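Protein sequence lines correspond, in order, to chains A and B.
Residue numbering for the first sequence follows UniProt numbering, beginning at 1 and increasing consecutively.
Residue numbering for the second sequence follows UniProt numbering, beginning at 1 and increasing consecutively.
Virtual Cβ for every residue (Gly too), placed ideally from N, Cα, C.
Bear in mind the structure is a predicted one, so any value in this text is a computation, not a measurement.
Quick notes on the structure that follows.
2 protein chains.
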Amino acid sequence: MKWVLGIDGGGTNCRAGLAAATGEILGRGQSGAANVMTDLDGACASIVEAAHAAFEAAGQVPAFDQAGAVLGLAGANVADVGRRLATQLPFGESRVESDALIALEGALGGHDGAIAIIGTGSVFMARHGETIRSIGGWGFQLGDLGGGARLGRQLLEETLLAHDGIRPQTALTAAVLARFETDPRRLVTFAASARPRDFGALVPIVFEFADQGDPLAKSLLDEVASHVEAALTALGLRQTDRLCLLGGLGERIAARLGAPLSAMLQPPIADALGGAVAMAARRFGAATGR
Amino acid sequence: MKWVLGIDGGGTNCRAGLAAATGEILGRGQSGAANVMTDLDGACASIVEAAHAAFEAAGQVPAFDQAGAVLGLAGANVADVGRRLATQLPFGESRVESDALIALEGALGGHDGAIAIIGTGSVFMARHGETIRSIGGWGFQLGDLGGGARLGRQLLEETLLAHDGIRPQTALTAAVLARFETDPRRLVTFAASARPRDFGALVPIVFEFADQGDPLAKSLLDEVASHVEAALTALGLRQTDRLCLLGGLGERIAARLGAPLSAMLQPPIADALGGAVAMAARRFGAATGR
């Protein structure tokens with residue numbers, strides 16, 4: 001392949017990176033949502049648009065049939081979505097991976113180690129040599145205990161328990177109830193139609209009150225950190241591993257990790273798009289290494 | 001009023017009890033669902049049908065305009081549903097109450113004390129003299145921590161954590177996963193469309209494995225019992241109070257309560273329908289007392 005493409009697509013937007021066969025990025029492009037779970041055709045269109053923009057940014061005439069692409073897409077690991085998408089794409093060759101895998105590749109480069117992606121949800125992935133293992137990522141209803149949506153829901157639950165006198169009220173529960181005009185029924189109504197991201201939007205208030213010493217805020221964040229530690233421990237990390245905490249909650253939760261995990265923390269080497277481009281260069285280009 | 005009617009209506013069925021002014025029950029009737037939250041007109045029709053059947057069972061010509069009714073209805077305490085329903089009913093006088101209040105009246109009779117209704121959800125209510133206080137009952141998403149739906153959801157969450165190696169596997173987690181063809185994705189798919197009652201349907205397996213000594217089953221039930229204890233404690237019970245645990249989980253959770261609550265346990269004096277009839281006889285008939 002003359003060109004290699006890395007694609008990082010999710011529910012909010014889709015990014016593409018175009019590189020020469022050596023893996024050197026020449027241009028980047030962006031487009032709208034690429035949600036393969038809910039809109040496969042729309043996702044396909046967004047991917048093509050982002051790739052087109054990347055060719056343009058590099059000053060090149062788009063030559064999709066001469067490009068090998070690695071795509072990291074949220075939801076691609078479910079059922080046969082990835083395989084169906086790959087047959088629709090116009091690239092010379094396409095390989096569809098999970099969004100977590102390209103994030104792992106970007107964050108760790110060639111090193112062994114693990115990532116925790118803790119945003120609205122939570123997923124954990126480790127690589128030791130050729131062995132890759134992923135846990136978590138089961139979604140809001142039954143999993144994602146390290147993510148912001150579950151944290152937000154737990155905050156509302158604790159607020160109701162405090163309102164009922166079952167748990168102590170704190171400055172945080174009072175502030176949350178005040179957001180709902182101090183009427184717990186409004187809080188319940190909000191939750192009835194709230195999406196995970198709506199619960200996740202409550203996370204900043206937890207951080208704010210934790211900084212002020214609120215005991216509930218601190219204990220909620222400790223619970224999240226404790227789950228992240230348990231998940232990373234289950235992945236069987238080694239002292240020499242690199243560990244990157246990614247996603248909107250990553251930095252704040254990293255600060256709450258105990259030793260020995262905190263000693264393994266490293267900044268990510270590249271982002272998920274960089275990981276996708278690197279994987280594409282190895283697979284379809286002239287780059288070597290794993 | 002010549003007649004008094006007690007009505008106990010919920011999402012599954014609607015029951016009516018007809019009594020003379022003295023409160024002596026002469027006939028009972030039953031009909032379909034009376035869900036005032038989702039179908040006010042249908043609930044109204046079910047109520048009328050059950051009342052009609054109660055008159056027939058007593059061998060009396062229905063005389064709704066000479067009947068005073070107390071209706072205990074799930075959801076009646078939300079917004080102005082109860083007031084709107086009361087204007088539609090054909091009875092001489094109608095008073096709409098929550099389902100919990102008629103259950104309290106039935107269970108305790110004239111005594112002070114408290115009830116816990118722990119079925120799919122959970123709600124707690126205490127009476128001391130004229131003072132009635134209710135907590136809980138906030139629904140599956142943010143509350144109902146003493147109910148079967150939350151217990152079932154927690155069971156599935158623990159099963160995924162065990163599958164991921166974050167918590168120990170037990171005979172119970174293995175049995176649950178086997179129900180989903182040992183594919184955790186099937187479990188997640190089930191949960192995505194499950195209603196509270198579907199989660200609640202998992203409760204018997206928890207009791208079964210608790211009896212066999214499964215540590216997870218026991219700890220899940222201990223958590224439920226611990227919430228029930230905390231809620232009853234928040235209601236400020238006194239040593240002389242009667243305590244009744246009602247609902248599908250009532251008996252099993254009662255067995256896990258510690259002293260002093262377990263010493264207060266009493267069987268309910270009457271069911272919720274009996275409570276509604278007693279309230280109607282006091283309010284509209286010749287019966288006295290509270």
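Here the alpha carbons of Ala-174 of chain A and Ala-107 of chain B stand approximately 35 Å from one another.
Under the 10 Å beta carbon count, Ser-219 of chain A is surrounded by fewer than 16 other beta carbons and is classified as exposed. With a threshold of 8 Å between beta carbons, Gln-141 of chain B makes contact with chain A. DSSP places Ala-19 of chain B in the uninterrupted beta strand (DSSP E) bounded by 14 to 20. Contact of Asp-99 of chain A with chain B by beta-carbon distance below 8 Å is absent, the smallest such distance being about 17 Å.
Three or more Cβ pairs drawn from the segment 223 to 241 of chain A and the segment 251 to 269 of chain A lie within less than 8 Å of each other, which places the two stretches in contact.
Among the CB atoms of chain A, one or more fall inside 8 Å of the CB of Gly-136 of chain B. For Ser-122 of chain B against Leu-89 of chain B, the beta-carbon gap comes to about 29 Å, at or over 8 Å, which does not count as contact. Our two residues, Arg-186 of chain A and Phe-180 of chain A, have alpha carbons roughly 6 Å apart in a direct line. In the three-state scheme derived from DSSP, where H, G and I count as helix and E and B as strand, Gln-212 of chain B is classed as coil.
Scanning its chain for C-beta atoms nearer than 7 Å, with the 5 sequence neighbours on each side dropped, one finds around Phe-207 of chain B the residues Arg-252, in chain order.
Phe-55 of chain A is not a Cβ neighbour of Phe-91 of chain A, given a cutoff of 8 Å.
Taking 3 residues as the minimum length, the beta strand (DSSP E) runs contained wholly in the segment 203 to 257 of chain A are 242 to 246, in order along the chain.
Sequence-ordered contacts of the segment 159 to 189 of chain A with chain B read Thr-159, Leu-160, Leu-161, His-163, Asp-164, Gly-165, Ile-166, Arg-167, Pro-184, Arg-185, Leu-187, Val-188 [C-beta pairs closer than 9 Å]. In the structure shown, Phe-140 of chain A falls within a coil segment according to DSSP collapsed to helix, strand and coil. Under DSSP, no beta-bridge partner is assigned to Gln-88 of chain A. Using a Cβ distance threshold of 8 Å, Ala-45 of chain A and Gly-11 of chain A do not count as a contacting pair. Its chain contains Gly-113, Leu-237, Gln-239, Asp-241, Arg-242, Leu-243 as the residues whose beta carbon lies nearer than 8 Å to that of Met-264 of chain B, once the 5 sequence neighbours on both sides are disregarded; these appear in chain order. When secondary structure is reduced to three states using DSSP, Arg-153 of chain A falls in the helix class. In this model, Thr-22 of chain B and Glu-130 of chain B are separated by some 22 Å (Cα to Cα). Looking at the DSSP output, His-128 of chain A bridges to A:Thr-131. The shortest CA-to-CA distance from Val-228 of chain B to any of B:Gly-137, B:Pro-168, B:Val-48 is the one to B:Gly-137.
When beta bridges are read from the DSSP output, Arg-28 of chain A appears opposite A:Gly-17. When only Cα atoms are considered, Ala-230 of chain B and Leu-172 of chain A end up about 21 Å apart.
By the CB criterion at 8 Å, Gly-82 of chain A and Ala-51 of chain A fall outside the cutoff. In the structure shown, the three-state DSSP call for Gly-106 of chain A is helix. Think of a sphere of 8 Å around the beta carbon of Ala-114 of chain B: no beta carbon from chain A falls inside it, the nearest being about 14 Å out.
Per DSSP, reduced to three states, the secondary structure at Leu-101 of chain B is helical. Distance from the CA atom of Ile-132 of chain B to the CA atom of Ala-126 of chain B, rounded to whole angstroms, is 6 Å.
Residues of chain A whose Cβ lies closer than 9 Å to the Cβ of Leu-156 of chain B are, in chain order, Gln-141, Leu-142. In terms of beta-carbon proximity, Arg-153 of chain A lines the interface with chain B, with at least one pair separated by less than 8 Å. With fewer than 16 neighbouring CB atoms inside 10 Å of its own CB, Glu-24 of chain B falls in the exposed class.
Residue environment analysis places Ala-178 of chain A among the exposed positions, since fewer than 16 neighbouring C-beta atoms fall within 10 angstroms of its C-beta. Taking the Cβ atoms as the reference, Arg-197 of chain A lies roughly 7 Å from Ala-149 of chain A, within the contact range of under 8 Å. Taking the Cα of Glu-157 of chain A as reference, the smallest distance to any Cα among A:Ser-98, A:Ala-217, A:Asp-211 is reached at A:Ala-217. For the C-beta of Ala-230 of chain B, the chain A residues within less than 7 Å are, from N- to C-terminus, Ile-166.
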